[in-house]
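Okay, structure first, notes after.
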Amino acid sequence: MLHALSTSVPSPRQFTYPFCYDVDPLAEAASEELQHYIATTGLMSAEKGCGKMFGVLVVEYEDEEGALQRGFLAAYSGLLGGRNDWQYFVPPVFDAQQPDGHFKRTEREISAINREISAIEHDPQYLQSVAQHEEMTKRLQAEVEAFKVEVDVAKARRDARRKSGEPLSEEEQAEMIRESQFMKAELRRRKAMEQAESTFHNPHATLLKSLHRKRKQMSDELQRWLFAAYRMLNAKGEERDLIDIFREYTHAMPPAGAGDCCAPKLLQYAYQHRLRPVCMAEFWWGESPASEIRHHLHYYPACRSKCLPILTHMLKGLDVAPNPLAQKRHTAEPRVLYADEYILVVDKPAGMLSVPGKADDSASVSVEEYFANNSKLKIQNSKFLKAAHRLDMDTSGLLVLARTEQAYVELQRQFASRETVKRYEAVLSGVPKHTTPHSTFHSDVPEPITQNSKFKIQNSSRQPDSCLEAISLPLIADINDRPRQRVDMEHGKPALTLYNIVEVRAADANTAVAYTTKKADKSLTLVHLYPKTGRTHQLRVHCAHPQGLACPILGDPLYGTERADRMYLHAAELTFRHPITGEPMHFLSPSGFLL
Numbered sequence: 004m005l006h007a008l009s010t011s012v013p014s015p016r017q018f019t020y021p022f023c024y025d026v027d028p029l030a031e032a033a034s035e036e037l038q039h040y041i042a043t044t045g046l047m048s049a050e051k052g053c054g055k056m057f058g059v060l061v062v063e064y065e066d067e068e069g070a071l072q073r074g075f076l077a078a079y080s081g082l083l084g085g086r087n088d089w090q091y092f093v094p095p096v097f098d099a100q101q102p103d104g105h106f107k108r109t110e111r112e113i114s115a116i117n118r119e120i121s122a123i124e125h126d127p128q129y130l131q132s133v134a135q136h137e138e139m140t141k142r143l144q145a146e147v148e149a150f151k152v153e154v155d156v157a158k159a160r161r162d163a164r165r166k167s168g169e170p171l172s173e174e175e176q177a178e179m180i181r182e183s184q185f186m187k188a189e190l191r192r193r194k195a196m197e198q199a200e201s202t203f204h205n206p207h208a209t210l211l212k213s214l215h216r217k218r219k220q221m222s223d224e225l226q227r228w229l230f231a232a233y234r235m236l237n238a239k240g241e242e243r244d245l246i247d248i249f250r251e252y253t254h255a256m257p258p259a260g261a262g263d264c265c266a267p268k269l270l271q272y273a274y275q276h277r278l279r280p281v282c283m284a285e286f287w288w289g290e291s292p293a294s295e296i297r298h299h300l301h302y303y304p305a306c307r308s309k310c311l312p313i314l315t316h317m318l319k320g321l322d323v324a325p326n327p328l329a330q331k332r333h334t335a336e337p338r339v340l341y342a343d344e345y346i347l348v349v350d351k352p353a354g355m356l357s358v359p360g361k362a363d364d365s366a367s368v369s370v371e372e373y374f375a376n377n378s379k380l381k382i383q384n385s386k387f388l389k390a391a392h393r394l395d396m397d398t399s400g401l402l403v404l405a406r407t408e409q410a411y412v413e414l415q416r417q418f419a420s421r422e423t424v425k426r427y428e429a430v431l432s433g434v435p436k437h438t439t440p441h442s443t444f445h446s447d448v449p450e451p452i453t454q455n456s457k458f459k460i461q462n463s464s465r466q467p468d469s470c471l472e473a474i475s476l477p478l479i480a481d482i483n484d485r486p487r488q489r490v491d492m493e494h495g496k497p498a499l500t501l502y503n504i505v506e507v508r509a510a511d512a513n514t515a516v517a518y519t520t521k522k523a524d525k526s527l528t529l530v531h532l533y534p535k536t537g538r539t540h541q542l543r544v545h546c547a548h549p550q551g552l553a554c555p556i557l558g559d560p561l562y563g564t565e566r567a568d569r570m571y572l573h574a575a576e577l578t579f580r581h582p583i584t585g586e587p588m589h590f591l592s593p594s595g596f597l598l
């Protein structure tokens, strides 16, 4: 399991902070050794149709003569080709795949219950009884609704009689009361029949409920048993199971697959064999999944939903590098383009939050905080200052802040109803495959409002929608790796981006990707992006995803492939109406991106 590492690269002073890191040269050398092994052995042929996350952990140890040596361990995330026992790689923290083990035996019992449930649900007699039950339920519902109409009509007739002004006899009054009481009782009776019929009484249905309860109970018990079997070590020699770890850090049960990612596997093996962790890295090999964005041979941080609680425990006792995101960032100051007593329009620099951040971003000053706390700016009404929309921290460009509650509500309405028009400029890593229109889009969103505006800009680079190409990929939060977003055709929220390609700098005509070497193509593309919806990371995902432009934004730390001095995405043009006066407002802030 321990592999030789022949390199003169010095060891880093601190261990890798796994959730945000630049790959240490030593970890990169180990990664290249692993990549050579994968390429030459054909290992990934067992994982058909998709890629896999791999990881390396460089360790130090003393040999038999007491001399300090270095080597590395390798791991893959989850299973590889349905197996967890491949040579060359560290074993799982807990092996649940033994055919005669408790997990597999119980799993087979649950599978048998699933087959029994499926057989009942497809039984013709059961299906017929379900159809009859549904028909009876609909009939009773219709009868109840029809009788409600009769009740309302009778009540209206009695009310009209009482208001007619004509005297009522005692017999007539008594009859009206009896009618009202009878109809109310009858309505209650019919509702009770409907309610009773809504519960499906059938021997098959009773058995199904019993099987469902049994399956859930067995699944929950098996999951708890499995999580308790994962006993994670740390550098101090302390041991805790997953249930205990997640109870402290998330107050919930662990998610499925917790403990099977690369980092926990590697650290567990190192601690068990008295190897001192030095640095680590994780990279993706192969095709990107349909929903996520993963680039071949690109390095990625550990996931947060599964690994953050586990690694917080496992890294105790190691001298870990500080979180880069928690360190104060030096960035340019936002530039004020327009200010009145209701709004503030600024040009936000890259690396600055729009609104106060949480957790890792807490060390960065936001645009809101900058203007609210900087007394030198002498901005009145600074007690209320809220961004009406947001730009990602790594995105620069036009941002509107409201200075009154009334202005904030109206600006939010305009952005939510898509009455605003936005244009972004971005530099992409590579050349998009789609360089000719592949989708036609007809928009009901108005063109930029420039007529009679004192902010009218004659040289707007806005293109008519009919001249633009479209990307439509629904997005949803990746709950296993926040803040990343993923494409989900079934559950994602609609996301639409129009774009046009402005300029291409082709640096390498051979752009084919071979899964044995790193991509050498350094082509760049300048594009203009027009988001028609405002989903989180929409432009970044639409550019990077294989079904979008398949070219990430240069310098994108989440979805990109190449590091740069910044993420090359800039909010260059913004059109809206003044929230109080209704006056058209149009601002332009060229990015200055040159190829």
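Just so we're aligned: 143 in the working numbering is position 140 of the sequence shown, and the numbers increase by one with no gaps anywhere.
We put the beta carbon where it would ideally sit given N, CA and C, even for glycine.
- DSSP places residue 540 in no alpha helix (DSSP H); its state is neither H nor E.
- Setting aside the 5 residues that flank it on each side, residue 189 is surrounded in the same chain by 150, each with a C-beta closer than 8 angstroms to its C-beta; the list follows chain order.
- In this structure, the straight-line span from the alpha carbon of residue 327 to that of residue 110 is close to 43 angstroms.
- The beta carbon of residue 290 sits closer than 7 angstroms to the beta carbons of 53, 54 from its chain, once the five residues preceding and following it are set aside; these are given in chain order.
- At the C-beta level, residue 340 and residue 348 come within 8 angstroms of one another.
- Here the alpha carbons of residue 222 and residue 474 stand approximately 41 angstroms from one another.
- Here residue 486 carries a coil assignment [DSSP, helix/strand/coil].
- Assigned with DSSP and collapsed to three states, residue 480 falls in strand.
- Setting aside the 5 residues that flank it on each side, residue 397 is surrounded in the same chain by 353, 570, each with a C-beta closer than 6 angstroms to its C-beta; the list follows chain order.
- In the DSSP annotation of this structure, residue 345 is not part of any alpha helix (DSSP H), being labelled neither H nor E.
- For residue 80, there is no enclosing beta strand (DSSP E), as DSSP gives it neither H nor E.
- If you draw a straight line from the Cα of residue 402 to the Cα of residue 572, it comes to about 14 angstroms.
- Excluding the 5 residues flanking it on each side, residue 387 has same chain C-beta neighbours closer than 7 angstroms at 406, 407, 408, in chain order.
- Judged by their CB atoms, residue 305 and residue 593 are not nearer to each other than the 8 angstroms cut-off.
- In this structure, the alpha-carbon of residue 417 lies about 42 angstroms from that of residue 249.
- The way I'd put it, the stretch 87–104 doesn't touch the stretch 181–201; fewer than three beta-carbon pairs between them come closer than 8 angstroms.
- Judged by DSSP secondary structure, residue 473 falls within the beta strand (DSSP E) whose first and last residues are 472–475.
- Nearest to residue 255 by C-alpha distance, out of 264, 262, 263, 245, is 245.
- Its chain contains 27, 30, 282, 283, 284, 323, 324 as the residues whose beta carbon lies nearer than 8 angstroms to that of residue 19, once the 5 sequence neighbours on both sides are disregarded; these appear in chain order.
- Cβ atoms of residue 538 and residue 562 stay farther apart than 8 angstroms, at about 14 angstroms.
- For residue 503, the three-state secondary structure derived from DSSP is strand.
- A straight-line Cα-Cα distance of about 12 angstroms links residue 541 and residue 495.
- Counting only the Cα atoms, residue 194 lies some 12 angstroms from residue 186.
- Taking a 10 Å sphere around the C-beta of residue 377, we find fewer than 16 other C-beta atoms and assign the residue as exposed.
- Nearest to residue 293 by C-alpha distance, out of 114, 493, 312, is 493.
- Cβ-Cβ separation between residue 528 and residue 431: approximately 4 angstroms, consistent with a contact (criterion under 8 angstroms).
- By alpha-carbon distance to residue 390, the top candidate from 567, 596, 535, 358 is 358.
- Residue 344 and residue 477 have their C-alpha atoms some 38 angstroms from each other.
- Annotated as distal: residue 264 and residue 429, with beta-carbon spacing of 8 angstroms or more.
- Of all alpha-carbon atoms in 137, 295, 532, 207, the one lying nearest the alpha-carbon of residue 550 is that of 295.
- A straight-line Cα-Cα distance of about 35 angstroms links residue 307 and residue 66.
- With distances taken between CA atoms, residue 207 lies nearest to 129 out of 129, 266, 9, 35.
- Per DSSP, reduced to three states, the secondary structure at residue 51 is coil, with no helix or strand assignment.
- Runs of the beta strand (DSSP E) spanning 3 or more residues and lying entirely within the stretch 223–287 occur at 234–236, 242–244, in chain order.
- With a threshold of 16 other beta carbon atoms within 10 Å, residue 171 falls short and is exposed.
- Residue 38 carries a helical assignment under DSSP once its states are collapsed to helix, strand and coil.
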